[in-house]
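Engineer:
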RNA sequence: GAGGGCGUAGCUCAGUAGGUUAGAGCGACAGUUUGUGGCACUGUAGGCCGUGGGUUCGAGACCCAUCGUUCUCCCCA
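Numbering (this note's numbering), first residue to last: 44 to 498.
1) Let me know the secondary structure DSSP gives residue 44 once reduced to three states.
2) Please return the same chain residues whose Cβ sits closer than 7 Å to the Cβ of residue 379, not counting the five positions on each side in sequence.
3) Please confirm whether residue 221 and residue 400 have their CB atoms less than 8 Å apart.
4) Taking residue 174 as the reference, which of 388, 381, 138, 321 has the closest Cα?
5) Classify residue 354: buried if its beta carbon has 16 or more other beta carbons within 10 angstroms, exposed otherwise.
6) If we ignore side chains and look at the alpha-carbon of each, how far apart do residue 486 and residue 402 end up?
7) List the DSSP bridge partners of residue 464.
8) Please list the terminal residues of the continuous beta strand (DSSP E) segment that includes residue 413.
9) Roughly how many angstroms separate the alpha carbons of residue 482 and residue 469, rounded to a whole number?
10) With 16 other CB atoms within 10 Å as the buried threshold, where does residue 44 fall?
11) Exposed or buried, what is residue 424 when buried is set at 16 or more other beta-carbons lying within 10 Å of its beta-carbon?
12) Can you tell me which of 158, 350, 276, 474 puts its alpha carbon nearest to the alpha carbon of residue 570?
13) Alpha carbon to alpha carbon, how far is residue 415 from residue 442? Give it in angstroms, no decimals.
14) Closest to residue 450 by C-alpha separation, out of 471, 434, 478, 474, would be which residue?
15) Let me know if residue 176 comes out buried or exposed under the rule of 16 or more other beta-carbons within 10 Å of its beta-carbon.
16) Counting Cβ pairs closer than 8 Å, one from the stretch 184-198 and one from the stretch 303-315, do we hit at least three?
17) From what residue to what residue does the alpha helix (DSSP H) around residue 143 run?
18) With a Cβ-Cβ cutoff of 8 Å, do residue 184 and residue 393 count as a contact?
19) Can you name the residues that DSSP bridges to residue 383?
20) When DSSP labels each residue in this structure, what does residue 445 get in the three-state scheme?
21) If you draw a straight line from the alpha carbon of residue 490 to that of residue 428, how long is it in whole angstroms?
22) What is the rounded straight-line gap between the Cα of residue 335 and the Cα of residue 458?
23) Per DSSP, residue 123 forms a beta bridge with which residues?
24) Considering Cα atoms alone, identify which of 396, 210, 444 is closest to residue 421.
25) Going residue by residue through the stretch 207-283, where are the continuous alpha helix (DSSP H) segments of at least 4 residues, counting only ones entirely within it?
26) Using 8 Å as the threshold, is the stretch 355-370 in touch with the stretch 257-276, meaning 3 or more CB pairs across them?
27) Locate the alpha helix (DSSP H) running through residue 68, then write down its first and last residues.
28) Where does residue 117 sit, in a helix, a strand or coil, going by DSSP?
29) In the DSSP assignment, find the unbroken alpha helix (DSSP H) run with residue 92 in it and report its ends.
30) Return helix, strand or coil for residue 376, following the three-state DSSP convention.
31) Which value, in whole angstroms, describes the spacing of the CA atoms of residue 326 and residue 208?
32) Quick one: Cα of residue 496 to Cα of residue 461, how far?
33) How many angstroms separate the CA atom of residue 139 from the CA atom of residue 321?
34) What residue range is occupied by the uninterrupted alpha helix (DSSP H) comprising residue 440?
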């Protein structure tokens, strides 16, 4: 038998890791709920059809598909052979696979809204904290199974939603004590740039090229634009666009000059300004950075877009989101605009761990270990232990009668702060010896006072 | 999908130019110490050197393949 292992890109989480992760989940969840979002859960698997074509060509390749059952059924052999040929040719076939693992939380949410729009009260605000799966090649900060925490509002055009979601980001990261900046841009600005550069149809090529700027540098981006038939004047314009710098206000001014009276550009700037101005009054503007190089890969975004970056950390974005005007139309229900954000918990964990930002209080463990000094003594001790447990004090008893040495070491390794000794002497006196392991101090407490002892 | 690094004890790693019985630290276990831990000392257990093939008188080391892992690119949280 080979050594046991787990699939590539997946992880087991030990007690301390789970507790730290729970701290992140609880922090985010409590902020979501404070802002009026309600929970939703959707299945780990969706119909393949629901997911395909929603994440772009690259995304489709990264969807984990689930093999159908019953492929060994001889009566279906013809269909299955035909399906297999399609799969081998790089297509999908429902004869082979008709379900897939969730790739993100946004599309399943859109599907849910489309299915239930008759029953939902709009604006509908939901949050969702669940794992997603991607058949990506794992590397630093990238896993094949990871959690997303999403909050979305659908059924409202108001920019107040964007304002509110930014506040969610700020408050959550403040509570996590993780310094971040929130980059903000508008797809309309990018659309405006594309129009000024020759046409809307260039938007996708343009955003893909721009998105790479901080990785490959301007020269390479220029090369890519050249390959995509941007002429010299257009390349020049993009260069001036990307070189915009300064404070948020200065950047926006420069951008307004560059895009002139392009309608999308004007609208995009207006929306951006609205949100930035709003957060001057909340004092959260210090976190906001207008960044016109921000593009976001997902093509369903239509308005303001966000990305959260941890300050001074070698890590890709730890959150992102934006406005999508018509996501549910993918599922046949039109005119439900929405806006949402996502937290990348696994990356947040990695950054916090690296920077040592977890409060020590997240480690919960047993408070009191009751020593086992023999059958009769243990029975008395067990009764005392149950009293403490009734007070919600975490206790456990060493399961075997062992030498002190061994029981002490167990407590020490597990980080248990107190031990309780009840031996023959204590039983006859109806008392208990409590020892604080870190200070070494030891006191005798009568059974009747034990439940009131301050551990 | 493309390209690099690394696989030796439970963990972290040595292993010199290919040479006889593969080492250390930590951890585990036992004892010194059968009602007082952390420290110290002593001892014990634990290795198909990832797997398969090849080169060689001889391979942990060199070559090929394969699997695993990790990082980078693409893309993304």
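Beta carbons are placed, not taken as given, at the ideal position from N, Cα and C, and that holds for glycine. The model shown is predicted, which means the values in this text are computed figures rather than measured ones.
Structural biologist: Taking the definition as stated:
1) With a pLDDT of 41 at residue 44, under the threshold of 50, the predicted position of this residue should be treated as unreliable, and no value is reported.
2) Residues 156, 160, 197, 198, 371 of the same chain have their beta carbon placed closer than 7 Å to that of residue 379, with the five preceding and five following residues left out of the count.
3) In contact: residue 221 and residue 400 (Cβ atoms closer than 8 Å).
4) The shortest C-alpha to C-alpha distance from residue 174 to any of 388, 381, 138, 321 is the one to 388.
5) Burial call: exposed.
6) Residue 486 and residue 402 have their C-alpha atoms some 30 Å from each other.
7) Residue 464 is bridged to 476.
8) Its beta strand (DSSP E) spans residues 411-413.
9) So the two alpha carbons sit approximately 22 Å from each other.
10) For residue 44, the predicted model reports a pLDDT of 41, less than 50, meaning its position is unreliable; a value from the coordinates is still stated below. By the neighbour-count criterion, in which 16 or more other beta carbons inside 10 Å mark a residue as buried, residue 44 falls on the exposed side.
11) Buried, by the Cβ-count rule.
12) Since the first residue of the chain shown is 44 and the last is 498, residue 570 is not available in this structure.
13) Near 7 Å, if we compare the C-alpha coordinates of residue 415 and residue 442.
14) Selected option, being the one with the closest Cα: 478.
15) In the assembly as shown, residue 176 is a buried residue. Its beta-carbon has 16 or more other beta-carbons within 10 Å.
16) Segments in contact, no.
17) Here residue 143 belongs to no alpha helix (DSSP H); instead the beta strand (DSSP E) covers 142-144.
18) For the pair residue 184 and residue 393, the CB atoms are nearer than the 8 Å cut-off.
19) As computed with DSSP, residue 383 is found in a beta bridge with 195, 365.
20) When secondary structure is reduced to three states using DSSP, residue 445 falls in the coil class, being assigned neither helix nor strand.
21) Each residue's Cα considered, the two are about 10 Å apart.
22) Straight-line Cα distance between these residues: approximately 50 Å.
23) Bridge partners of residue 123: none, in fact.
24) Nearest to residue 421 by alpha-carbon distance, out of 396, 210, 444, is 444.
25) With a minimum length of 4 residues, the continuous alpha helix (DSSP H) runs that stay inside the stretch 207-283 are 230-239, 246-254, 256-270.
26) With a cut-off of 8 Å, the stretch 257-276 and the stretch 355-370 do not count as touching, because too few Cβ pairs lie within range.
27) Residues 58-77.
28) Secondary structure of residue 117 (DSSP, three-state): helix.
29) From DSSP, the alpha helix (DSSP H) with residue 92 extends over 91-94.
30) For residue 376, the three-state secondary structure derived from DSSP is coil.
31) Straight-line measurement puts the Cα of residue 208 at about 15 Å from the Cα of residue 326.
32) Cα to Cα, residue 496 sits roughly 12 Å from residue 461.
33) The straight-line gap from Cα to Cα measures roughly 52 Å.
34) According to the DSSP assignment, residue 440 belongs to no alpha helix (DSSP H) but to the beta strand (DSSP E) extending over 438-440.
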